[in-house]
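Participant:
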Amino acid sequence: MVVDTSRSPHACLRPVPLTAVTLADGFWTPRRRVNREDTLPSQYRLLEETGRVDNFRRAAGKVDVPFQGRYYNDSDVYKWLEAVAWTLATDADPALARMADTVIAEIAAAQQPDGYLNTYFTHERAAERWTNLRDMHELYCAGHLIQAAVAHHRATGDDRLLHIVRRLADHICDRFGPQEEGKRAGTGGHPEIEMALVELARETGEPRYCRQAQFFLDMRGRGLIGGSAYHQDHKPFRELERMVGHAVRAVYLNAGAADLYAETGEAALRDALDCLWRNMTARQMYINGSIGSRYEGEAFGRDYELPNERAYAETCAAIGSAMWNWRMLQITGDARYTDVLETTLYNAVLCGVSLDGRAYFYQNPLADDGTHRRQPWFGCACCPPNIARLLASLPGYFYSLSDAGLWVHLYAQGAARISLLNGPTIGLTQHTRYPWDGEIAIEIEGEGTFSLWLRIPAWCEEGAVLEVSGEPFASVLTPGSYAEVRRAWRPGDVVRLNLPMPVRRVECHPYVAENAGRVALMRGPILYCVEEADNPGLDLRDVLLPADADFTVAFRPDLLGGVVVLRGQAEAIPPDAIWADRLYRTAVPCSEKQRGRLMEVTAIPYYAWANRAPGPMRVWLRTTSLVSNTLVSNTPLPR
Numbered sequence: 010m011v012v013d014t015s016r017s018p019h020a021c022l023r024p025v026p027l028t029a030v031t032l033a034d035g036f037w038t039p040r041r042r043v044n045r046e047d048t049l050p051s052q053y054r055l056l057e058e059t060g061r062v063d064n065f066r067r068a069a070g071k072v073d074v075p076f077q078g079r080y081y082n083d084s085d086v087y088k089w090l091e092a093v094a095w096t097l098a099t100d101a102d103p104a105l106a107r108m109a110d111t112v113i114a115e116i117a118a119a120q121q122p123d124g125y126l127n128t129y130f131t132h133e134r135a136a137e138r139w140t141n142l143r144d145m146h147e148l149y150c151a152g153h154l155i156q157a158a159v160a161h162h163r164a165t166g167d168d169r170l171l172h173i174v175r176r177l178a179d180h181i182c183d184r185f186g187p188q189e190e191g192k193r194a195g196t197g198g199h200p201e202i203e204m205a206l207v208e209l210a211r212e213t214g215e216p217r218y219c220r221q222a223q224f225f226l227d228m229r230g231r232g233l234i235g236g237s238a239y240h241q242d243h244k245p246f247r248e249l250e251r252m253v254g255h256a257v258r259a260v261y262l263n264a265g266a267a268d269l270y271a272e273t274g275e276a277a278l279r280d281a282l283d284c285l286w287r288n289m290t291a292r293q294m295y296i297n298g299s300i301g302s303r304y305e306g307e308a309f310g311r312d313y314e315l316p317n318e319r320a321y322a323e324t325c326a327a328i329g330s331a332m333w334n335w336r337m338l339q340i341t342g343d344a345r346y347t348d349v350l351e352t353t354l355y356n357a358v359l360c361g362v363s364l365d366g367r368a369y370f371y372q373n374p375l376a377d378d379g380t381h382r383r384q385p386w387f388g389c390a391c392c393p394p395n396i397a398r399l400l401a402s403l404p405g406y407f408y409s410l411s412d413a414g415l416w417v418h419l420y421a422q423g424a425a426r427i428s429l430l431n432g433p434t435i436g437l438t439q440h441t442r443y444p445w446d447g448e449i450a451i452e453i454e455g456e457g458t459f460s461l462w463l464r465i466p467a468w469c470e471e472g473a474v475l476e477v478s479g480e481p482f483a484s485v486l487t488p489g490s491y492a493e494v495r496r497a498w499r500p501g502d503v504v505r506l507n508l509p510m511p512v513r514r515v516e517c518h519p520y521v522a523e524n525a526g527r528v529a530l531m532r533g534p535i536l537y538c539v540e541e542a543d544n545p546g547l548d549l550r551d552v553l554l555p556a557d558a559d560f561t562v563a564f565r566p567d568l569l570g571g572v573v574v575l576r577g578q579a580e581a582i583p584p585d586a587i588w589a590d591r592l593y594r595t596a597v598p599c600s601e602k603q604r605g606r607l608m609e610v611t612a613i614p615y616y617a618w619a620n621r622a623p624g625p626m627r628v629w630l631r632t633t634s635l636v637s638n639t640l641v642s643n644t645p646l647p648r
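Under the numbering used here, the letters of the sequence shown match residues 10 to 648, in that order.
1. Please report the distance separating the alpha-carbon of R606 from that of R532.
2. Would T352 and G405 qualify as a contact pair, given that the criterion is a beta-carbon distance under 9 Å?
3. Among residues of its own chain, excluding the 5 on either side of S237, which ones have a beta-carbon nearer than 8 Å to its beta-carbon?
4. Identify the residues that DSSP records as bridge partners of W416: which are they?
5. When burial is assigned at 16 or more other CB atoms within 10 Å of the CB, is L403 buried or exposed?
6. Compute the Euclidean distance between the alpha carbons of V30 and E203, then round it to the nearest angstrom.
7. Three or more C-beta pairs under 8 Å: does that hold for the stretch 516-534 against the stretch 491-499?
8. Taking only the alpha-carbon atoms, compute the straight-line gap between G329 and G70 and give it to the nearest angstrom.
9. Report the option in S363, R319, Y313 and T441 whose CA atom is closest to the CA atom of E305.
10. I need the boundaries of the beta strand (DSSP E) containing W498, first residue and last residue.
11. Output the distance between the C-alpha atoms of R247 and R287, rounded to the nearest integer angstrom.
12. Would you report the Cα separation of R621 and A357, rounded to the nearest angstrom?
13. Do you know whose CA, among A397, Q372 and A376, lies nearest R627's CA?
14. When the distance is taken between beta carbons, is L285 closer than 9 Å to S302?
15. State the DSSP-derived secondary structure class of G577, mapped to helix, strand or coil.
16. Under a three-way DSSP split, which group does P404 fall into?
17. Am I right that E91 and A160 are in contact with their C-beta atoms under 8 Å? What's the rounded C-beta distance?
18. Please confirm whether F76 and Y129 have their CB atoms less than 9 Å apart.
19. Contact between the stretch 528-548 and the stretch 610-620: three or more CB pairs below 8 Å?
20. Taking Cβ positions, are A117 and A94 nearer each other than 9 Å?
21. Helix, strand or coil: how does DSSP classify S642 here?
22. With a Cβ-Cβ cutoff of 9 Å, do P245 and D227 count as a contact?
23. Below 6 Å CB to CB, which residues in the same chain sit around L554 once its five sequence neighbours on both sides are set aside?
24. Using a threshold of 9 Å, state whether the C-beta atoms of H440 and E452 are closer than that.
25. So Y371 and T324 are in contact, right, with Cβ under 8 Å, and what is the actual spacing, rounded?
26. What are the start and end residues of the alpha helix (DSSP H) that includes Q223?
27. Per DSSP, D377 forms a beta bridge with which residues?
28. Could you check how far apart the C-beta atoms of L354 and A331 are, in whole angstroms? I think they sit under 8 Å.
29. Taking H180 and Y81 to be in contact with their CB atoms under 8 Å, please state how far apart those CB atoms are, rounded to whole angstroms.
30. Using the rule of at least 16 other Cβ atoms within 10 Å of the residue's Cβ for burial, across every protein chain shown, is N524 buried or exposed?
31. Between R550, D557 and G577, which lies nearest to A563 when the distance is taken from Cα to Cα?
32. Taking all protein chains shown into account, do 16 or more other C-beta atoms lie within 10 angstroms of the C-beta of P511, making it buried, or fewer, making it exposed?
33. Do you know how far the Cα of D183 is from the Cα of K192?
34. How about V474 and N507: do their beta carbons lie closer than 9 Å?
35. What residue does the beta strand (DSSP E) around V504 start on, and which one ends it?
36. According to DSSP, is G306 part of a helix, a strand, or is it coil?
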């Protein structure tokens with residue numbers, strides 16, 4: 010969800026509305042077109058076929074059928090509705106608008122006279138409402154409905170859904186709060202309501218919703234919902250030091266706490282958020298930005314516990330991480346959050362959906378034997394509509410405003426028309442083939458004196474080059490920071506940024522035992538993998554990259570929707586004959602071990618794997634030396 014911090018007193022930046030940004034034909038646009046033409050209509054059909062929409066009709070007394078599916082199925086409808094809303098903000102699609110109107114009408118009819126709304130707890134289960142906050146997801150579902158309503162109101166100006174959620178939020182505020190006010194203490198087992206209520210407060214100007222979010226956060230760690238780390242109830246939030254428990258719950262809670270910090274400026278919240286972020290990114294995050302290594306509890310593991318083939322790495326957890334990092338960026342203006350956001354978007358979120366937009370990953374391993382495949386839907390279908398809403402809201406992640414000017418976070422072909430804070434309205438056009446090419450030209454349409462902040466990604470270690478209207482930029486460009494260009498701008502001024510993109514051999518912290526002696530390949534923000542489809546007849550476990558291996562770079566418009574592939578020489582070293590029927594032997598010197606045959610290995614972007622015939626895949630490859638992260642050759646792309 011694209012947050013609105015425009016009235017948040019402790020936010021450093023203010024997001025630019027996604028309606029101001031247009032992504033032209035390039036890397037992201039086909040994925041947004043898939044989202045509109047294939048993903049959202051197919052998801053709506055599945056919401057109908059699986060009874061999720063009928064649950065609302067049942068609650069309204071329109072149909073006499075049993076409740077269908079899991080008790081939190083309402084949330085899938087709400088996330089889909091939010092995705093439709095963000096899509097309508099930039100693409101006025103009549104068919105999608107009609108689908109949304111149908112669903113909104115069913116939601117309205119299902120709401121109870123007192124404002125309560127949850128289709129599972131209707132009719133025969135009405136007496137069970139709010140009796141099990143830990144497990145039954147009532148507040149979680151309410152949060153997703155609130156976020157959908159805020160998105161729909163911003164996108165269309167229609168307040169029908171906003172009126173519904175205000176009645177629901179008022180119902181919640183009237184029932185939960187300090188016991189001395191005659192209310193009930195408690196909090197939800199699955200965080201979500203916190204960030205939703207803050208965003209509703211921003212949209213409506215009603216401060217009680219923000220106070221309610223604060224109450225729910227403050228109730229954690231008191232044992233009111235069992236006291237387990239799985240439910241983020243083991244400690245008060247301000248005492249948390251490391252990421253534990255259910256990964257999605259953890260990052261959703263952190264996103265809500267970041268929203269509250271933006272409103273209150275409470276130092277203890279910021280301290281906890283900083284500590285948790287450092288723990289996650291330095292000890293518990295996969296190279297692609299995925300989080301949550303354990304199948305058991307869909308949870309974080311111990312520090313440095315990052316298995317590859319058994320990685321859980323839920324798509325929703327990556328989405329939650331992106332949401333949290335976006336909020337931290339708005340709070341601080343610090344590029345380290347943008348770097349993690351970008352890595353996560355390209356390599357941990359995008360892999361969760363197939364290239365045709367109709368199948369999804371729940372788990373995202375970094376190695377596979379060919380059996381893990383995307384599915385069109387799940388019994389627990391949280392990930393498909395979650396991906397849809399994030400991709401639909403993507404234009405809102407590109408730019409932010411501050412009092413002094415405009416911040417450019419992400420790069421893609423496209424245009425924007427932005428009203429600066431206390432300044433003029435300017436047009437801005439990006440010309441680039443990013444992420445396949447690091448050359449970016451930004452043309453300014455308008456005039457005035459203001460700053461333009463351009464992100465220099467942390468991966469750009471080879472030396473970025475910046476020039477403004479033909480003149481070299483004098484200041485040092487530091488990877489992992491923003492370069493400020495302040496001047497009196499004139500129409501037609503052009504900023505040119507060149508971010509060199511050599512292929513990088515990335516090694517892992519030595520405590521991640523599974524990756525010892527291995528490297529992963531990255532180019533720009535994109536993580537690569539080897540897949541059997543490109544390397545037929547090769548057992549990927551046998552691949553050994555020489556320390557001095559060179560890779561060529563080639564754009565393949567005919568492959569996987571258009572990707573850059575890497576090709577390089579490697580050795581294929583299968584186990585020698587002595588290992589037949591043996592699992593162990595006395596170690597022998599390296600000089601006595603079998604040498605392999607040289608062959609060409611092809612690597613593709615990790616996000617695109619499993620879109621062809623089933624076969625093994627690996628991200629981390631054995632190598633002969635890890636003396637340094639050798640930067641290998643960068644062959645220019647054909648123009």
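Backbone N, C-alpha and C define an ideal beta-carbon position, used for all residues, glycine too.
Just so it is clear, the structure is predicted and the values come from calculations on it, not from any experiment.
Facilitator: Quick look at the numbers:
1. Walking along the sequence shown from the start, residue 606 turns up at place 597. Walking along the sequence shown from the start, residue 532 turns up at place 523. A straight-line Cα-Cα distance of about 26 Å links R606 and R532.
2. As a position in the sequence shown, residue 352 is number 343, starting the count at 1. As a position in the sequence shown, residue 405 is number 396, starting the count at 1. Taking 9 Å as the cut-off, the Cβ atoms of T352 and G405 do not count as close.
3. As a first step, residue 237 is located in the sequence shown; it is residue number 228 there, counting from the start. These residues qualify, in order along the chain: H243 and G254.
4. As a first step, residue 416 must be located in the sequence shown, where it is residue number 407. DSSP lists S409 and W462 as partners of W416.
5. Counting from 1 along the sequence shown, the entry for residue 403 is found at position 394. That one is buried.
6. For the purposes of this step, residue 30 is identified with residue 21 of the sequence shown, where counting begins at 1. For the purposes of this step, residue 203 is identified with residue 194 of the sequence shown, where counting begins at 1. In this structure, the alpha-carbon of V30 lies about 28 Å from that of E203.
7. Short answer: they don't touch.
8. Mapped onto the sequence shown, residue 329 falls at position 320. Mapped onto the sequence shown, residue 70 falls at position 61. The straight-line gap from Cα to Cα measures roughly 35 Å.
9. Translated into positions along the sequence shown, residue 305 becomes position 296. Ranking S363, R319, Y313 and T441 by Cα distance to E305 puts R319 first.
10. By one-based count along the sequence shown, residue 498 stands at place 489. W498 -> beta strand (DSSP E) spans S490 to W498.
11. On the sequence shown, position 238 is the one that residue 247 refers to. On the sequence shown, position 278 is the one that residue 287 refers to. Each residue's Cα considered, the two are about 15 Å apart.
12. By 1-based counting over the sequence shown, the position of residue 621 is 612. By 1-based counting over the sequence shown, the position of residue 357 is 348. Taking the Cα positions, R621 is about 19 Å away from A357.
13. Locating residue 627 in the sequence shown gives position 618, where the first residue counts as 1. Of the listed residues, the one whose Cα sits closest to R627 is A376.
14. Sequence index remark: in the sequence shown, residue 302 carries index 293 (1-based). Sequence index remark: in the sequence shown, residue 285 carries index 276 (1-based). No, Cβ-Cβ distance for S302 and L285 is not below 9 Å.
15. For this step, residue 577 is matched to residue 568 along the sequence shown. It is a strand residue.
16. One-based indexing of the sequence shown puts residue 404 at position 395. Reduced to three states, the DSSP call for P404 is helix.
17. Numbered from its first residue, the sequence shown carries residue 91 at position 82. Numbered from its first residue, the sequence shown carries residue 160 at position 151. Contact flag correct, Cβ pair sits at about 5 Å.
18. In the sequence shown, counting from the first residue as 1, residue 76 sits at position 67. In the sequence shown, counting from the first residue as 1, residue 129 sits at position 120. Their beta carbons are under 9 Å apart, which means F76 touches Y129 by this criterion.
19. With contact defined as three or more Cβ pairs closer than 8 Å, the stretch 528-548 and the stretch 610-620 are in contact.
20. If you number the sequence shown from 1, residue 117 lands on position 108. If you number the sequence shown from 1, residue 94 lands on position 85. Contact annotation: A117 and A94 have beta-carbon atoms that are not nearer than 9 Å.
21. Counting from one through the sequence shown, the residue named residue 642 turns up at place 633. Below a pLDDT of 50, predicted positions are generally treated as unreliable, and S642, at 38, falls in that range; the measurement from the model is reported next regardless. Three-state DSSP puts S642 in coil, outside helix and strand.
22. As a working mapping, residue 245 is identified with position 236 in the sequence shown. As a working mapping, residue 227 is identified with position 218 in the sequence shown. The answer is yes: Cβ separation under 9 Å.
23. Translated into the one-based positions of the sequence shown, residue 554 becomes position 545. Cβ within range, chain order: A579, L630 and T632.
24. Translated into positions along the sequence shown, residue 440 becomes position 431. Translated into positions along the sequence shown, residue 452 becomes position 443. The Cβ-Cβ distance between H440 and E452 falls below 9 Å.
25. Indexing the sequence shown from 1 puts residue 371 at position 362. Indexing the sequence shown from 1 puts residue 324 at position 315. Confirmed, Cβ separation roughly 6 Å.
26. One-based indexing of the sequence shown puts residue 223 at position 214. According to the DSSP assignment, Q223 belongs to the alpha helix (DSSP H) that extends over P216 to D227.
27. Counted from its first residue, the sequence shown places residue 377 at position 368. Partner residues in the beta bridge of D377, as assigned by DSSP, are M626.
28. Position 345 of the sequence shown, counted from the start, is the residue given in the question as residue 354. Position 322 of the sequence shown, counted from the start, is the residue given in the question as residue 331. Yes, they are in contact, since the Cβ atoms of L354 and A331 sit about 6 Å apart, within 8 Å.
29. What you label residue 180 is simply residue 171 of the sequence shown in a count that begins at 1. What you label residue 81 is simply residue 72 of the sequence shown in a count that begins at 1. Between Y81 and H180 the Cβ distance is about 18 Å, and since that is not below 8 Å, they are no contact.
30. Residue 524 sits at position 515 when you count from the first residue of the sequence shown. Classification of N524: buried, given that the 10 Å Cβ count is 16 or more.
31. One-based indexing of the sequence shown puts residue 563 at position 554. The option with the nearest alpha carbon to A563 is G577.
32. Translated into the one-based positions of the sequence shown, residue 511 becomes position 502. Buried.
33. Walking along the sequence shown from the start, residue 192 turns up at place 183. Walking along the sequence shown from the start, residue 183 turns up at place 174. Using only the alpha carbons, I get a separation of about 7 Å.
34. Counting from one through the sequence shown, the residue named residue 474 turns up at place 465. Counting from one through the sequence shown, the residue named residue 507 turns up at place 498. Yes. Within cutoff.
35. Along the sequence shown, read from residue 1 onward, the residue named residue 504 stands at position 495. Start and end: V503 to N507.
36. On the sequence shown, residue 306 is found 297 positions in, with the first residue counted as 1. Helix.
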